[in-house]
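J.: Numbering (my numbering), first residue to last: 816 to 1120.
First the structure, which I've put down as structure tokens, then a few questions once you've had a look.
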Ligand code: PSU
Ligand code: MN
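The following block contains the structure:
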């Protein structure tokens, strides 16, 4: 077993029994939501996965180890530690070698999931090409990771704080397929439609699993975006979210926010400006993604059995 990996008892037992496992990230806990909603969300999402017949493996860096599956105490620690580092690909060696507390982004979670042999990963939204990237060069490392690491990422699309069109162009250039579930349109996180289409609509877990199996059997390394729209009842009003997004972007610009702080700043401002209503939408979509991801993990596990 890999030197840096530490499996929880639940995940260890699942591996031994050949059960489907679903990876979960931890930046969404430490940097994506306030306490205590963050830890309630994390626990709730894990339970959705268990109820759907898979085993959740939330991933974080603790005491020099990549923890695959967290205890209740470890979830609480991440949810309440303001000094938890946001860890992407470039940060992994630092946080491990320095024994720091690290919350993994989509990119880092994909790396850790692949090391742990977990091909399905559930999150809220992925990073992407930021608006104005032609001058800022701000493109999330999540996209490069999708290009190289063979893990399927179930998400609710890409937030409109980003340039969704350029994000999809970037993914196309790097050969990352974008699947949609239940509709042809690529979703925009808080809303069900972005105005862009996904590459392929695959509604059933079996079809999604066959797609993944075929891609990887062909030796086509790299991830797949499985985009799952927020449930209609939980979606936000398009005009409201557009106005708030514009304001948050303006403030980030005025305050000179840069680097890895940009995404957490924008997410935090959107939450404040919607009086927490965006948080309810965020939690609803992650739970829905967990259901879709768990069913996909079950179907993929059945194929490879
Ligand atoms: N988008 C969201 N919620 C999040 C993130 C993105 O809607 O919590 C987090 C994820 O962990 C993602 C990271 O991998 O932000 C991307 O950060 P950056 O843009 O700095 O690469
Ligand atoms: Mn960035």
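Note that the Cβ used here is the ideal one computed from N, Cα and C, for glycine as well.
Keep in mind it's a predicted model, so treat the numbers as computed, not measured.
Give the secondary structure of residue 1122 by DSSP, where H, G and I count as helix, E and B as strand, and everything else as coil.
T.: For residue 1122 there is no data in the structure shown, the boundaries of the chain being 816 and 1120.
J.: Helix, strand or coil, according to DSSP, for residue 941 in the structure here?
T.: To locate residue 941, count along the chain shown from 1; it is residue 126. Coil at residue 941, not helix or strand.
J.: Is residue 910 near the ligand PSU, going by C-beta to nearest heavy atom under 7 Å?
T.: For this step, residue 910 is matched to residue 95 along the chain shown. No, since every heavy atom of the ligand PSU falls outside the 7 Å radius drawn around the Cβ of residue 910.
J.: Look at the alpha carbon of residue 1057 and the alpha carbon of residue 975, and state the distance between them as a whole number of angstroms.
T.: Along the chain shown, read from residue 1 onward, the residue named residue 1057 stands at position 242. Along the chain shown, read from residue 1 onward, the residue named residue 975 stands at position 160. Near 8 Å, if we compare the C-alpha coordinates of residue 975 and residue 1057.
J.: Residue 995 bridges to which residues according to DSSP?
T.: Along the chain shown, read from residue 1 onward, the residue named residue 995 stands at position 180. Answer by DSSP bridge pairing, in chain order: 1016 and 1042.
J.: Within its chain, find whatever has a CB closer than 6 Å to the CB of residue 864; leave out the 5 residues flanking it on each side and keep chain order.
T.: Position 49 of the chain shown holds residue 864. Within the same chain, residue 864 has close Cβ partners 837, 871, 1105 and 1109.
J.: For a test of your reading of the model: does the CB of residue 1075 fall under 7 Å from any non-hydrogen atom of the ligand PSU? Yes or no.
T.: Within the chain shown, residue 1075 is the residue found at index 260, counting from 1. Yes, the Cβ of residue 1075 comes within 7 Å of a heavy atom of the ligand PSU.
J.: In chain order, what residues of the same chain lie with their CB nearer than 6 Å to the CB of residue 1103, ignoring the 5 residues before and after it?
T.: For the purposes of this step, residue 1103 is taken as the residue at position 288 of the chain shown. Once the five neighbours on either side are set aside, the close Cβ partners of residue 1103 are 1046.
J.: Pull up the distance between the alpha-carbon of residue 1088 and that of residue 1096, whole angstroms please.
T.: Stepping through the chain shown from its first residue, residue 1088 is reached at position 273. Stepping through the chain shown from its first residue, residue 1096 is reached at position 281. Those two C-alpha atoms are separated by around 14 Å.
J.: Tell me the DSSP secondary structure of residue 1010 in three-state form.
T.: Residue 1010 sits at position 195 when you count from the first residue of the chain shown. Three-state result, residue 1010: strand.
J.: Could you tell me which residues DSSP pairs with residue 900 in its beta bridges?
T.: As a working mapping, residue 900 is identified with position 85 in the chain shown. According to DSSP, which records beta bridges pairwise, residue 900 is partnered with 917.
J.: Taking residue 833 as the reference, which of 957, 878, 932 and 973 has the closest Cα?
T.: Stepping through the chain shown from its first residue, residue 833 is reached at position 18. It is 932.
J.: Does the Cβ of residue 873 lie closer than 7 Å to at least one heavy atom of the ligand PSU?
T.: As a working mapping, residue 873 is identified with position 58 in the chain shown. No, the ligand PSU has no heavy atom inside 7 Å of this Cβ.
J.: With distance defined between alpha-carbon atoms, name the residue in 1068, 901 and 1083 nearest to residue 918.
T.: Looking up residue 918 in the chain shown gives position 103. Residue 901 is the option with its Cα nearest to residue 918.
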